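The working numbering puts the first residue of the sequence shown at 16, with every later residue one more than the last. Ideal Cβ positions, reconstructed from N, Cα and C, are used throughout, including at glycine. Remember, it's a predicted structure, so these values are computed and weren't measured experimentally. The structure under discussion appears below in the form of structure tokens.
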Amino acid sequence: MFNYSEACARNQQPIYAALADKLAGIESVLELGSGSGQHALHFSAQLPHLIWQCSDTTAYLEALKRNLSQSDTSSFAEPLLLDVNQQWPAQRFDMIYTANSLHIMSWDSVLNLFAQLKGHLSKDGLFCCYGPFKYQGEFTSASNAQFELWLKGRDPLSGVRDFEALQQLGDKNGLRLIDDIKMPANNQLLIWQSV
Ligand SMILES: C[S@@+](CC[C@H](N)C(=O)[O-])C[C@H]1O[C@@H](n2cnc3c(N)ncnc32)[C@H](O)[C@@H]1O
Numbered sequence: 016m017f018n019y020s021e022a023c024a025r026n027q028q029p030i031y032a033a034l035a036d037k038l039a040g041i042e043s044v045l046e047l048g049s050g051s052g053q054h055a056l057h058f059s060a061q062l063p064h065l066i067w068q069c070s071d072t073t074a075y076l077e078a079l080k081r082n083l084s085q086s087d088t089s090s091f092a093e094p095l096l097l098d099v100n101q102q103w104p105a106q107r108f109d110m111i112y113t114a115n116s117l118h119i120m121s122w123d124s125v126l127n128l129f130a131q132l133k134g135h136l137s138k139d140g141l142f143c144c145y146g147p148f149k150y151q152g153e154f155t156s157a158s159n160a161q162f163e164l165w166l167k168g169r170d171p172l173s174g175v176r177d178f179e180a181l182q183q184l185g186d187k188n189g190l191r192l193i194d195d196i197k198m199p200a201n202n203q204l205l206i207w208q209s210v
């Protein structure tokens, strides 16, 4: 597998368990920043009814396509080239999902992402976002504070995002935060619903 992620191998089942009820009742998911495609492969294997639309930027897209084409699962649409700052697909999805991407992209990209969500979600559609976040300006662990230093050294525009700023962004863009689930390894799963 190209771009294989150990973290994905560890977090895929806890994320699946947290989302399984919601995924069982819907038909389509757009994943932003799919990376290796490990989450798509893991979730889809357990929910064959689901149309899971992977996407990523140019840097990841070819490897993502190759990983999915080597899988036994037939429910994948061809992965899309999707940079959140550029053209999004025309269709709407029951869920938009992303993991470990908001701290990689710039804050301007996070703003652009939130501005697109409502227009690409079905009625009552969900936006689910997994990763580390800060609360009231504080990291939830020393390891997340270290992670922030590593991120900033690599790209000053990246960084662990503030929960409150994201909540405000949701409010501003027609989304209501309906869940904030504590996950293993000092991560959270944030879930918004289109209103
Ligand atoms: C750390 S990887 C996470 C990959 C995978 N979701 C996971 O959990 O392992 C960060 C992802 O964010 C994506 N990303 C960064 N900037 C982006 C942008 N402007 N638009 C869409 N995706 C972006 C990267 O291409 C990459 O797939």
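Per DSSP, reduced to three states, the secondary structure at G140 is strand. A direct Cα-to-Cα measurement between L132 and G48 gives close to 14 Å.
Linking A35 to R169 through their CA atoms gives a straight-line distance of about 34 Å. Between A92 and P104, the alpha-carbon positions lie close to 13 Å from each other. Around S173, the same chain offers H118, I119, M120, S121, L166, K167 as residues with beta carbons nearer than 8 Å, after the five sequence neighbours per side are excluded. Note on D109: 16 or more other CB atoms within 10 angstroms of its CB, so buried under the neighbour-count rule.
Counting C-beta atoms within 10 angstroms of its own C-beta, H64 has fewer than 16 neighbours from the protein chains shown and is therefore classed as exposed. Between A55 and E46, the beta carbon gap of about 6 Å places them in contact (Cβ cut-off 8 Å).
By the criterion of a C-beta distance shorter than 6 Å, N115 is surrounded in its chain by G146, once the five residues flanking it on both sides are discounted. In the three-state reduction of the DSSP assignment, E179 falls in the helix class.
Within its own chain, the residues whose Cβ lies closer than 6 Å to the Cβ of L184, once the five positions on either side in sequence are excluded, are F129, listed in chain order. Neighbourhood of ligand 1, defined by CB distance below 5 Å to any of its heavy atoms: S20, C23, G48, G50, D71, T72, Y75, D98, V99, A114, N115, S116, I119, M120, S124, in chain order. As computed with DSSP, F91 is found in a beta bridge with W67.
Minimum Cα-Cα distance from F162 among the listed residues L126, D71, Y75, N201 corresponds to N201.
Of D98, L136, I111, T113, the smallest CA-CA separation from S124 is found for D98. Listed in chain order, the non-local C-beta contacts of K197 below 7 Å within the same chain comprise Q203, local neighbours out to five positions each way being set aside.
Rounded to the nearest angstrom, the gap between the Cα atoms of A33 and C144 is 12 Å.
Around the beta-carbon of Y112, 16 or more other beta-carbon atoms lie within 10 Å, marking it buried.
Our two residues, L83 and L38, have alpha carbons roughly 20 Å apart in a direct line.
Between Y31 and S51, the CB-CB gap reaches or exceeds 8 Å.
For secondary structure counted as the alpha helix (DSSP H) over 4 or more consecutive residues, the stretch 19–72 holds these complete runs in sequence order: 21–39, 53–61.
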